[in-house]
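Presented below is the structure to which this report refers.
There are 4 protein chains.
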Amino acid sequence: MEQKSNIGIWLIGAWGGVATTAAVGLRAIQKKIFPPAGLTTEISDFSSVAWNSWNDFVIGGHEIRRGSFSETAEELIAQNALSREIVTPLLSDLREYDSEICPGLLHHSGKVVEKMASEDFCFFLNESPRQAISRLQRDMQLFVQKKQLAQLIVVNLMSTEPQCAYFQDFLLHSTSQREAKSFGNTADFARCQQEWQNWEKMEKILDDPKCPLPASTLYAIAALDAGYDFVNFTPSLGATPPAVREFAKKKNARCAGNDGKTGETLMKSVLAPMFSHRNLNVMSWVGHNIFGNRDGQVLENQENKATKVASKNHLLEQILGYTPQTLVTIEYIKSLGDWKTAWDHIHFSGFLGTPMTLQFTWQGCDSLLAAPLVLDLVRLTALAKRRNYTGNMDFLACFFKSPLGVEEQSFVRQFEFLESWLDLAKER
Amino acid sequence: MEQKSNIGIWLIGAWGGVATTAAVGLRAIQKKIFPPAGLTTEISDFSSVAWNSWNDFVIGGHEIRRGSFSETAEELIAQNALSREIVTPLLSDLREYDSEICPGLLHHSGKVVEKMASEDFCFFLNESPRQAISRLQRDMQLFVQKKQLAQLIVVNLMSTEPQCAYFQDFLLHSTSQREAKSFGNTADFARCQQEWQNWEKMEKILDDPKCPLPASTLYAIAALDAGYDFVNFTPSLGATPPAVREFAKKKNARCAGNDGKTGETLMKSVLAPMFSHRNLNVMSWVGHNIFGNRDGQVLENQENKATKVASKNHLLEQILGYTPQTLVTIEYIKSLGDWKTAWDHIHFSGFLGTPMTLQFTWQGCDSLLAAPLVLDLVRLTALAKRRNYTGNMDFLACFFKSPLGVEEQSFVRQFEFLESWLDLAKER
Amino acid sequence: MEQKSNIGIWLIGAWGGVATTAAVGLRAIQKKIFPPAGLTTEISDFSSVAWNSWNDFVIGGHEIRRGSFSETAEELIAQNALSREIVTPLLSDLREYDSEICPGLLHHSGKVVEKMASEDFCFFLNESPRQAISRLQRDMQLFVQKKQLAQLIVVNLMSTEPQCAYFQDFLLHSTSQREAKSFGNTADFARCQQEWQNWEKMEKILDDPKCPLPASTLYAIAALDAGYDFVNFTPSLGATPPAVREFAKKKNARCAGNDGKTGETLMKSVLAPMFSHRNLNVMSWVGHNIFGNRDGQVLENQENKATKVASKNHLLEQILGYTPQTLVTIEYIKSLGDWKTAWDHIHFSGFLGTPMTLQFTWQGCDSLLAAPLVLDLVRLTALAKRRNYTGNMDFLACFFKSPLGVEEQSFVRQFEFLESWLDLAKER
Amino acid sequence: MEQKSNIGIWLIGAWGGVATTAAVGLRAIQKKIFPPAGLTTEISDFSSVAWNSWNDFVIGGHEIRRGSFSETAEELIAQNALSREIVTPLLSDLREYDSEICPGLLHHSGKVVEKMASEDFCFFLNESPRQAISRLQRDMQLFVQKKQLAQLIVVNLMSTEPQCAYFQDFLLHSTSQREAKSFGNTADFARCQQEWQNWEKMEKILDDPKCPLPASTLYAIAALDAGYDFVNFTPSLGATPPAVREFAKKKNARCAGNDGKTGETLMKSVLAPMFSHRNLNVMSWVGHNIFGNRDGQVLENQENKATKVASKNHLLEQILGYTPQTLVTIEYIKSLGDWKTAWDHIHFSGFLGTPMTLQFTWQGCDSLLAAPLVLDLVRLTALAKRRNYTGNMDFLACFFKSPLGVEEQSFVRQFEFLESWLDLAKER
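Chains as they are written, first to last, in our numbering: chain F, 231 to 658; chain S, 231 to 658; chain L, 231 to 658; chain V, 231 to 658.
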């Protein structure tokens with residue numbers, strides 16, 4: 231058995247709902263206030279895996295708003311998401327965590343997010359990408375030294391950024407047919423091929439005064455460049471460009487993403503294979519999502535929402551092999567707070583063509599569904615490092631709506647990738 | 231390529247809704263009135279398999295009611311299940327099919343079914359099991375000769391029988407712990423072990439004047455003994471006893487079952503793995519089913535319903551590894567006709583214990599969901615014979631609620647069994 | 231303005247969920263911890279009515295279990311029904327209320343309820359009805375004296391009793407046609423007519439050693455005989471017999487009932503008039519109710535459940551004028567606690583006969599829906615006394631599933647009865 | 231008893247789904263192919279009213295597309311809305327109806343509708359409002375003469391027009407507070423007050439070369455000016471301006487509107503009073519509507535959709551007395567055809583503030599729900615004429631989403647207006 235040492239979880243968007251719930255939950259498990267329920271790494275089939283103990287992990291991060299873990303926890307309690315019984319005994323721990331949270335980035339985060347930012351940001355508004363990366367790295371390195379960490383895992387949990395226009399879709403699904411469809415402008419396409427596929431070329435974008443790289447990608451570069459790991463739990467760009475993933479490998483670091491699969495999309499990746507295997511023709515799939523947390527407020531903004539809807543929508547086509555009419559709405563309904571309610575209406579036909587219907591309503595608490603995935607991803611990334619795995623962790627596909635580098639979208643098959651990786655690499 | 235020749239589909243319960251829809255659908259495909267949609271054997275991934283053409287199949291069967299295919303088709307049209315446009319051009323074909331339907335069996339079918347029986351049954355009421363088997367075999371052999379068939383596949387589609395009390399559950403899940411639980415009476419248990427596990431011993435039950443074997447098992451024995459295949463699409467006993475499955479192998483025949491997985495249970499076998507893989511604790515799973523076809527009328531009777539509910543309920547425990555509180559109701563609501571509506575309410579908790587909810591409503595046309603599975607099963611059984619496969623066809627698990635000899639209940643994994651069998655045995 | 235004085239609320243089943251919520255809520259309003267939201271008597275249209283202040287009311291009652299208000303409140307907090315923030319500042323008040331709770335009755339309450347009873351009941355098990363009534367009256371009179379009350383309003387909130395077999399249905403719907411149908415035995419019918427219609431005759435039943443009167447009716451008689459008011463919030467017999475209602479009038483007291491209309495049945499009384507006024511033919515109405523509180527445990531018992539189902543079912547026929555196929559199930563699902571979830575499926579047809587569907591899911595917290603009605607009924611009963619109204623308060627129909635003496639079942643029309651009574655009698 | 235004579239139903243948008251279903255249904259009733267089910271005027275409570283016989287009515291109309299009744303009926307059959315059994319025996323009647331359909335108007339109907347228009351419209355594109363009105367009147371008068379009609383009732387069933395920008399909302403809800411809110415521009419407001427309130431002033435708009443009056447209002451003016459009645463079954467402007475309603479009275483004609491209340495909004499007007507009377511605080515009400523008929527295609531267009539959403543949304547505020555957060559979406563999902571599916575999620579809180587949820591799913595066939603209302607409105611308008619009623623028929627409020635001149639939005643109370651009018655005016 232190798233020597234254990236501390237592992238840092240570096241939360242981007244640390245005082246947001248998901249990050250706060252992850253921090254509260256981790257500490258509750260460490261202090262045995264609540265058992266480690268709802269975590270994939272804790273299922274009995276995986277009991278022989280040499281996981282890190284939950285006690286190995288410590289928490290720091292970046293944030294752009296004023297606030298504190300306890301303030302956000304209080305909001306979540308008011309929304310019936312967290313229970314006061316769990317939070318109260320952790321208040322002093324949360325205050326300690328607060329002291330490790332540093333000011334984050336706002337590059338291309340969109341107007342809604344900018345408005346939420348703390349005034350302290352006047353100091354950083356004119357930072358160039360290079361300067362920003364250096365600052366982020368200083369913050370992370372200080373934390374690593376102070377806590378004497380063997381590994382730092384950066385998890386992006388900030389609000390969804392506006393879609394990084396012309397290349398996002400291309401990079402997610404880069405097959406020649408799709409390229410042709412999504413690129414009206416051949417010049418753009420050519421530029422993408424050159425710049426985003428290769429790290430040496432892409433790095434130069436950082437010096438471009440009009441550098442289009444959003445905060446999520448700057449975080450990824452800062453982390454990987456310092457040899458830290460990067461997990462993108464949002465649909466923002468992050469480590470999506472092939473060049474960034476290549477860079478991870480070069481730096482002996484790990485990356486994963488995009489967009490944690492928690493509710494309606496998880497259901498899609500579970501149900502669509504049923505229709506496919508039974509040869510039932512999905513004529514239309516409508517999904518209406520309503521919720522009222524901060525994430526919802528940001529998604530009220532059309533440009534941020536576009537990124538999210540794209541991430542929720544493409545997998546049906548990938549599973550079914552054809553394109554049914556789809557509709558995805560995400561609407562901010564204040565009274566729901568963190569409780570995301572999704573209604574899906576699936577209209578299908580089969581033998582002799584008669585139309586039939588499946589409807590479902592999902593009523594889940596967003597932060598509580600997302601936070602355990604964050605902890606699972608961190609624990610799996612720690613295992614990957616011990617196994618000397620580097621680069622994009624495609625075996626984590628079952629955790630993501632848009633898994634980088636993976637075409638398979640059936641949840642059970644993605645889960646088999648994970649089982650298979652755990653098995654092959656099992657320490658004996 | 232081997233020489234093609236005709237294959238008989240012998241429908242038990244021929245003028246019921248599912249059998250009629252299968253007959254109408256097969257003929258519609260043969261006459262190119264409707265494309266072969268909604269059939270698993272027609273998915274593009276399986277396009278390289280050397281399937282029989284749909285034109286290879288002909289139809290006969292047994293029935294205990296007076297009636298005709300066109301009469302039942304008319305009922306299904308009135309219930310918006312079949313469309314008149316499809317049925318009308320097939321009326322003369324259906325009349326021809328009618329002439330191949332012979333009187334069936336009523337042994338231990340329960341009072342509701344007995345009441346439905348045609349008066350012609352006065353001739354057969356005192357038949358011993360041996361006599362009944364001989365009669366069934368004569369009917370089938372005549373059909374085989376007349377149509378010059380290379381293979382006959384018997385598919386049990388009759389109404390659910392009352393539960394064959396003390397051994398059904400034992401045989402389905404025979405592990406030592408479960409045995410202990412379900413058998414209060416050790417004498418019964420010992421008898422089961424001896425009689426139902428071995429064909430030579432079991433055969434003697436046929437001579438018992440109080441022979442407890444229900445019609446479904448007599449059909450199975452009659453078919454297998456004559457070298458024909460037997461597929462049990464219902465939860466009735468059929469070929470469940472290990473002795474019967476052993477007998478199939480001995481006779482170079484094939485069997486499969488139990489209980490076609492069409493709606494709510496299909497959903498369970500698709501959704502439960504999601505909860506399991508995500509370590510979400512299912513606290514309760516309630517399923518209410520309402521429908522108004524003849525099957526529903528039979529299930530109004532408590533003893534017949536028990537067989538069905540047992541078949542719908544056990545798989546959750548098998549997938550989840552623990553026993554949530556479950557409730558399954560099946561109620562006859564006349565106005566719904568063949569449209570089965572299921573409402574399921576799944577109450578689960580995960581990280582930090584907050585309860586969440588998934589509800590779904592399934593509105594499907596029972597006959598239209600079941601009939602294509604019948605045709606798929608027949609086509610797969612024909613392929614199995616060409617590949618010299620004998621005995622229980624466990625690779626068909628994805629088609630059944632209670633697959634014989636298979637513990638795996640996750641639909642996608644069961645489907646992988648099928649893929650794997652098709653692949654390994656692929657003719658090139 | 232008349233002189234104000236205290237009014238007692240005497241809760242039967244005081245430590246049950248509804249009574250505890252009513253007690254907590256009343257005290258929270260009195261201490262201004264929560265505003266008087268969700269109360270019908272507080273709607274702005276009624277702001278000119280001379281209501282009693284909430285401060286006028288004090289609480290006592292009967293109970294058959296061991297327990298306390300705070301114990302039950304703790305259970306409701308664990309079920310996410312009550313919030314700890316509201317309960318904690320009231321704990322000493324609840325302890326004071328506890329001291330006013332006396333042992334209740336168990337006559338014909340059914341086995342499930344008997345099992346729940348405290349051991350203290352060994353002292354009372356052989357009480358005759360007359361003795362029981364005297365004891366109840368002593369308890370209430372002591373409370374009235376101690377608190378110097380101007381009025382005592384007894385509210386029956388105990389678990390549903392088994393159906394008081396042969397007369398319940400008759401008394402609820404006594405029209406000659408219905409009589410004919412429900413009474414096979416003419417002798418029984420004649421006896422009912424004689425005994426239950428007239429107080430002098432009915433009173434003699436109390437001396438019958440096999441007296442069939444259940445606890446709810448003994449409570450009613452005890453209260454009314456002492457000049458106190460009686461409100462039956464359950465479907466138990468209570469003051470249903472015409473003789474008891476006549477007795478109320480004679481004693482210058484008031485009575486009301488039966489069965490608070492809180493969730494699924496409220497919806498029925500709101501939706502059914504829509505189908506009726508639009509001449510849409512309701513073919514079937516299926517309602518499945520699941521919940522997991524103590525009431526649910528009692529209703530697990532078939533004989534107690536029958537009383538409830540009858541109360542939930544009859545109103546459709548009364549509103550529609552014909553009898554669609556109906557199905558009502560009530561099932562105990564532990565994980566749901568006090569959260570009653572109802573799924574209703576309404577199948578209807580209209581112009582040219584095409585079937586259409588309305589489904590609804592109601593997710594409400596039973597105690598929180600019922601408790602404000604209790605407070606409203608008490609406040610309205612107090613007003614009725616000041617207006618010298620005596621006998622059955624039929625203007626309260628909108629609060630009940632089976633309003634005594636009222637045929638109208640449309641909720642909005644029932645509400646108009648209340649508006650009209652408030653208006654006519656308005657104090658100026 | 232007065233002398234009976236024929237009454238014309240003049241359908242605007244005659245070959246649309248609702249109009250075709252009304253025509254088919256009327257003829258099916260006249261030929262006794264189907265009983266008059268699903269009609270409000272046929273409920274047993276109204277059996278003593280001296281209704282016109284359905285045989286009294288004949289059909290003509292205007293349309294802007296090429297087509298025929300049988301073509302549209304065929305579409306509705308393909309969508310499982312109409313049944314072929316009903317349509318087939320009426321085909322020759324429908325052909326006869328076709329010969330009475332004349333080219334309609336396109337003024338301010340929006341681009342989507344213009345694209346649907348037949349090429350024949352090149353002849354009419356430069357018509358001034360005055361010319362258009364004359365043409366419409368000639369068409370109607372010819373029909374009246376030919377069929378020797380005693381009355382002509384014009385029913386607007388054409389697709390929803392874009393919102394007639396600055397005055398629509400003002401006219402619907404003209405109270406001083408609302409005026410202040412909706413009119414930023416005081417000049418516009420002043421102009422409205424002057425021009426649209428008084429017929430003499432408004433008439434002059436017809437001569438304005440930039441006349442903003444949409445087709446629906448020109449139809450209304452044409453009809454009323456000729457002494458015919460006008461019923462606006464859509465949310466378009468129609469007879470909304472007070473000046474037009476005043477004009478109806480002056481001409482001894484009748485008008486009614488707006489927007490037939492068939493599905494989700496009917497539900498709102500039935501459910502909202504429940505929340506209001508129970509003092510349950512509606513925090514949010516979300517309604518998602520999906521359907522795939524021609525109406526849906528038109529509403530795909532944002533400007534047409536705005537008119538519809540406004541009509542569906544305002545009534546909650548009117549019933550509840552406050553403004554919950556609301557969201558109404560209407561989306562075109564082709565596969566659904568005429569089957570409108572609405573999912574509503576109502577989030578409310580009551581006693582002690584705990585949030586609760588009501589969800590419903592309405593699956594109705596749009597044309598079949600709307601068509602009987604058209605026939606009921608026509609029959610009631612015929613009765614109104616016999617009773618010498620003139621002007622706006624406010625007693626028809628229960629049929630409309632936005633009843634002209636009526637503040638009451640509770641369906642049951644609106645229905646009581648109808649009952650009361652029928653009663654008061656009953657012929658004896």
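Note that the Cβ used here is the ideal one computed from N, Cα and C, for glycine as well.
Per DSSP, histidine 507 of chain S is one residue of the alpha helix (DSSP H) stretching across 494-507. Taking a beta-carbon distance threshold of 9 Å, glycine 238 of chain L does not count as an interface residue toward chain V.
When the five nearest sequence neighbours on each side are left out, the beta carbons in the same chain lying within less than 7 Å of the beta carbon of glutamine 427 of chain V are those of Pro472 and Ala473, in order along the chain. Closer than 9 Å to the CB of leucine 448 of chain V there is not a single CB belonging to chain F. The residues Asp489, Lys491, Thr495 and Ser541, in chain order, have a CB closer than 6 Å to that of lysine 631 of chain S in the same chain once the five nearest residues on each side in sequence are set aside. The stretch 251-261 of chain F and the stretch 599-615 of chain F touch, with three or more beta-carbon pairs separated by less than 8 Å. Of the other Cβ atoms in all chains shown, 16 or more fall within 10 Å of the Cβ of threonine 302 of chain S; this residue is therefore buried. Remark: three or more beta-carbon pairs, one from each stretch, lie closer than 8 Å, so the stretch 503-520 of chain S and the stretch 579-586 of chain S are flagged as touching.
Only those residues of the stretch 297-324 of chain L whose C-beta falls short of 8 Å from the nearest C-beta of chain F are listed: Asn310 and Arg314. Measuring C-alpha to C-alpha distances from isoleucine 331 of chain S to each of S/Ala347, S/Ala308, S/Pro585 and S/Trp240 identifies S/Trp240 as the nearest. Short of 6 Å from the beta carbon of tryptophan 573 of chain L, and not among the five residues preceding or following it, lie these beta carbons of its own chain, in chain order: His518 and Thr591. A straight-line Cα-Cα distance of about 22 Å links arginine 475 of chain F and phenylalanine 645 of chain F. Nearest Cα to alanine 380 of chain S within the set S/Ile237, S/Ser329, S/Glu637 and S/Ser298: S/Ile237. Residue burial is scored here from C-beta neighbours: glycine 468 of chain F has at least 16 other C-beta atoms within 10 angstroms and is therefore classed as buried. Bounds of the beta strand (DSSP E) holding tyrosine 562 of chain V are 555-562.
Less than 9 Å divides the Cβ of asparagine 531 of chain S from the Cβ of lysine 341 of chain S. Note: asparagine 511 of chain F is bridge-paired with F/Ser579 in the DSSP secondary-structure output. In this structure tyrosine 458 of chain V touches alanine 483 of chain V by the C-beta definition: roughly 6 Å separates them, less than 8 Å. Approximately 11 Å separates the beta-carbon atoms of threonine 556 of chain S and histidine 575 of chain S; this is outside 8 Å, ruling out the contact. Contact of threonine 553 of chain F with chain V is not assigned, every C-beta pair being separated by 9 Å or more. Taking the CA atoms as reference points, isoleucine 263 of chain V sits about 7 Å from isoleucine 316 of chain V. Your pair phenylalanine 287 of chain V and valine 608 of chain V checks out as a contact, with CB atoms roughly 7 Å apart and the cut at 8 Å. In the displayed model, tryptophan 240 of chain L falls within a strand according to three-state DSSP.
Against chain L, the beta carbon of glutamine 589 of chain S has neighbours under 8 Å at Trp573 and Thr591, listed in chain order. The DSSP-derived three-state label of histidine 337 of chain V is coil. Counting only residues of its own chain and dropping the five nearest sequence neighbours on each side, threonine 390 of chain F has a CB closer than 7 Å to the CB of Thr464, Pro465, Ser466, Val528, Leu529, Asn534, Thr537 and Lys538. Rounded to the nearest angstrom, the gap between the Cα atoms of arginine 325 of chain S and alanine 258 of chain V is 33 Å.
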